[in-house]
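If you use this note's numbering, the sequence shown corresponds to residues 115 to 193, in order.
Even glycine gets a Cβ: it sits at the ideal position worked out from N, Cα and C.
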Amino acid sequence: MADSWLRVRGALDRWLPVVVVALVVLAGVGAWVTYDAHVTTESTAQRTVDEWRVTGEFDHRATVQSAAGEASVDPGTTV
115 MADSWLRVRG ALDRWLPVVV VALVVLAGVG AWVTYDAHVT TESTAQRTVD
165 EWRVTGEFDH RATVQSAAGE ASVDPGTTV
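Printed below as a string of structure tokens:
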């Protein structure tokens with residue numbers, strides 16, 4: 115167990131400066147991209163190419179099929 119901890123500590127000791135430099139460079143690139151996007155003053159124009167329209171209809175009907183006298187609507191009637 116102690117031997118594995120020594121290996122981990124040795125690897126961290128060797129690679130820590132490289133990891134720190136990589137993270138600093140990554141943070142710098144992120145800051146530059148953010149600043150560039152914020153400062154850029156390009157104007158954009160929007161124009162409507164097409165509009166969404168609702169067209170169509172809904173049709174629902176049923177034909178009554180039951181014995182006479184059991185329904186409140188006459189059989190064969192479309193409701």
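Run through the DSSP bridge pairs and tell me what residue i is partnered with.
{"i": "Thr98", "result": "A question about residue 98 goes unanswered here, because the residues of the chain that appear run from 115 up to 193."}
Can you give the Cα-Cα distance for residue i and residue j, rounded to whole angstroms?
{"i": "Val147", "j": "Thr155", "result": "14 Å"}
{"i": "Ser157", "j": "Thr169", "result": "36 Å"}
{"i": "Val122", "j": "Ala151", "result": "41 Å"}
Which residue's Cα is closest to the Cα of residue i: the options?
{"i": "Ala176", "options": "Arg128, Val132, Thr192 and Leu126", "result": "Thr192"}
Is DSSP giving residue i helix, strand or coil here?
{"i": "Arg167", "result": "coil"}
{"i": "Ala141", "result": "helix"}
{"i": "Ala136", "result": "helix"}
{"i": "Arg121", "result": "helix"}
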